[in-house]
Amino acid sequence: MHTSPSPHFALPLRRTAAVVALALLAACANTPPSATGTAATPTATTDSATAPARPTGGSVAGQARTFSTQLATYTSVGFDAVPGWARDDFSESWPAFLGSCKVLNGRGAEWKEVCDRALKVDGKSTQAIRGFFESEFSAYQIRDDDRKPDGVVTGYFEPEIAGSRTYVAPFIYPVYGQPEDMLFVDARKLPAGSGTVAAKVEGRNVIVQTGLNTRDMGAPGLYALDLSAITRDTLDRKVRLRIDGKRLLPYYTREEIETKGAPNAKVLAFVSSATALYEMQIQGSGRIKLPSGEIVRVAYAEQNGQPFRPTIAQAANGKPRSAVKVRGGSLELTLDDGDDEDTGAIDNSVIRTRGFTLARPTSSGAVVVPGRRTAGAVAGSGIKDPSYVFFKESTSPAGGPVGAFGVPLSAGRSIAVDPRSTPLGYPVFVSTRTPGSGAPMQRLTIAQDTGGAIRGAVRADYFFGNGQQAATNARRMKERGQLWILLPRGLAVAQAAVSGAIRTRGGPAGANLPQCLVPSEGVCVDD
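In terms of the numbering used here, the sequence shown is residues 4 to 530.
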């Protein structure tokens, strides 16, 4: 979910898998065809005379037919080749797009001019909005590093759970804010290798000291950082740490937080169900309904930096019931066509999200709350996933929860994506099927969120909103889908593909392809 680098399911996994990919497509500098095969006709709201000058050469949207990153290949298509483009009601996506423009208009001249012209469009006219997108953008189909167009579309929602501001049974599980003792270090500034280095702490930041060795670590203000114990491959390149004597260690795991407490974190509220709290952490935001009827809205604030390792529910043969694939530094839940999941009645005793049953906790007991005496043994939640999400109270009383892009999400029109291959804020046309009925679901969405389980080029997590129907749809949603990203014409993007370059799934490319289609500090950065 949402707000800052990784709001929901924001929990990276540290494993690797390598599969040799196909050769990249050759780049072509020819201008791609227009949306309908002819020159796009400007609407009354688009003044073609004031359109920005388009740069020439290189990977420029609207000029390059094909370009690539480490994880994706992008191929220019006409809008008439996008299934469902002519039938969508674009007025439903327009408020979400204008919301993104509040951020995007500060991301360079191309976006500022596009967003300025968007303000002149009749937001109630589907025809005018469609004409705007066809005039201002070029459509590129996203394919994965095997050049396959099909990916996975799942769903998420904003849960609501019962809670209290005070610690009183049955409300015994704390909802923590961001801990004050959490420290950060930029993984890009860490030396290579798995040795131990000396570091200083300045505020919340850890600064590695060069030219020192382990003999110097007894000096005042210096700490020992064991590089072998840290996870470097987070999307925002931040490593989360804590001080333990003269050592800097990875921040506490879920089990440590539950059995020792988090004394340096503010408790926002208490809830009655550890399973419901874990689901809210997975979703990345939620509502807590107090006994008075008041709603406390919480949004993602931080995570503990530990890898996301859900206990995947197993079938009778001992194998995971949900397909799991490891790509690079993250875990990806992949689509399977078996009948491992019941898409009928929803069993609330299990942790099920995005079409996958993640875990069936067998027991749940008390956890430690700083300053509170726990009755009986501290058993913990029974959830073995080491990752943990911290929240903050949301100031948005109306509308959807705030996503990773910093704007409220729009039910039915916002999606969470992998920001390496799909930059946040950008329009993305999704072609998939409705959960349950299987009816085509083809619509323009806006990429406004991200999360640790949302990994892969052709990967989208569809925001269904809040309420029981939204929860049911999100828990069921696991469909094949295809994606087309809309790029402002003239926007500089990833370098052009190089003929004959070979890539490894999740690994560096022989042609030194970038990781990010459009780098953005704090969301997706190239080393």
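Backbone N, C-alpha and C define an ideal beta-carbon position, used for all residues, glycine too.
Next item on the list: Along the alpha helix (DSSP H) that carries W487, what are the first and last residues, could you check?
Entry: Counting along the chain, W487 falls outside any alpha helix (DSSP H), though it belongs to the beta strand (DSSP E) covering K481 to P491.
Next item on the list: Could you tell me the distance, in whole angstroms, from the CA atom of S96 to the CA atom of R492?
Entry: 20 Å
Notebook entry, point to check: According to DSSP, what are the bridge partners of Y465?
Noted result: G158 and I418
Checklist line | Same chain, Cβ closer than 6 Å to I182, neighbours up to 5 away in sequence not counted | finding: Here residue 182 is Pro; the residue named in the question, Ile, does not match the sequence. Same-chain partners within the cutoff: A265, N267 and A268.
Checklist line | Bridge partner(s) assigned by DSSP for D247 | finding: R250
Notebook entry, point to check: Whose C-alpha, out of L516, I449 and V521, is nearest the C-alpha of S94?
Noted result: I449
Margin query: Applying the 10 Å Cβ sphere with the 16-neighbour rule, what's the burial state of T437?
Written below: exposed
Checklist line | Straight-line Cα distance separating P194 from P425 | finding: Before going on, a small fix: residue 425 reads as Thr here, not Pro. About 29 Å.
Margin query: What does the alpha-carbon distance come out to for the pair V63 and G196?
Written below: 37 Å
Next item on the list: Determine the DSSP secondary structure at D529, reduced to helix, strand or coil.
Entry: coil
Next item on the list: Just the C-alpha distance for Y303 and L107, rounded to the nearest angstrom, thanks.
Entry: 21 Å
Next item on the list: Hey, could you find the ends of the alpha helix (DSSP H) M283 is sitting in?
Entry: A277 to Q286
Notebook entry, point to check: What does a CB cutoff of less than 7 Å around G383 pick up in its chain, not counting 5 residues either side in sequence?
Noted result: E258, E261, T262, G368 and V370
Check: Using CA coordinates, which residue listed in R458, A172, Q445 and K123 is at the minimum distance from R375?
Finding: A172
Margin query: Using only CA atoms, which one of S138, C118, Q130 and G158 lies nearest to R483?
Written below: G158
Next item on the list: Can you check DSSP and say which residues form a bridge with T199?
Entry: D229
Checklist line | Host alpha helix (DSSP H) of F174 (start-end) | finding: No alpha helix (DSSP H) holds F174; DSSP gives it neither H nor E.
Checklist line | contact_flag[the stretch 151–167, the stretch 234–254] where n(CB pairs < 8 Å) is 3 or more | finding: no
Notebook entry, point to check: When burial is assigned at 16 or more other CB atoms within 10 Å of the CB, is L122 buried or exposed?
Noted result: exposed
Check: Relative to the alpha-carbon of G190, which residue among V270, V461, G221 and T237 has its alpha-carbon at the smallest distance?
Finding: Note on residue identity: the sequence assigns Ala, not Gly, to residue 190. A190 has its Cα closest to that of T237, out of V270, V461, G221 and T237.
Notebook entry, point to check: Taking DSSP as the reference, what is the three-state secondary structure of R312?
Noted result: coil
Margin query: For V117, list the residues DSSP reports as bridge partners.
Written below: The partner list for V117 (beta bridge, DSSP) is empty, contrary to what the question assumes.
Check: For A99, does the three-state DSSP call read helix, strand or coil?
Finding: helix
Checklist line | Opening and closing residue of the alpha helix (DSSP H) in which F1 lies | finding: With the chain covering 4 to 530 only, the question about residue 1 has no answer from this structure.
Next item on the list: Would you please state the rounded distance, in angstroms, between the beta carbons of K292 and G134? I believe it to be under 8 Å.
Entry: With a Cβ gap of about 44 Å, K292 and G134 do not count as contacting.
Check: In the structure shown, what three-state DSSP assignment does Q471 receive?
Finding: helix
Check: Under three-state DSSP, which class holds E344?
Finding: Summary for E344: the model assigns pLDDT 45, below 50, so the residue's position carries little reliability; its value from the coordinates is reported in the next sentence. Coil at E344, not helix or strand.
Next item on the list: Consult DSSP for E259 and reduce its assignment to one of helix, strand or coil.
Entry: helix
Item checked: Spatial distance of E139 from P86 (CA atoms) -> 19 Å
Check: DSSP on G166, reduced to helix/strand/coil?
Finding: strand
Checklist line | The beta strand (DSSP E) enclosing N1, as first and last residue numbers | finding: Within the shown structure, residues of the chain are numbered from 4 to 530, placing residue 1 beyond reach of any answer.
Next item on the list: Put L107 into one of helix, strand or coil per three-state DSSP.
Entry: helix
Notebook entry, point to check: For L101, which residues of its own chain have a beta-carbon under 7 Å away from its beta-carbon, when the five flanking residues on both sides are left out?
Noted result: A121
Next item on the list: Closer than 7 Å by C-beta to K115: which residues in its own chain qualify, once you throw out the five before and the five after it? Chain order, please.
Entry: N108
Note to self: By alpha-carbon positions, which one of V200, G289, F311 and D91 ends up nearest to I386?
What the structure shows: F311
Note to self: Could you give the first and the last residue of the continuous beta strand (DSSP E) run that contains N208?
What the structure shows: N208 to V211
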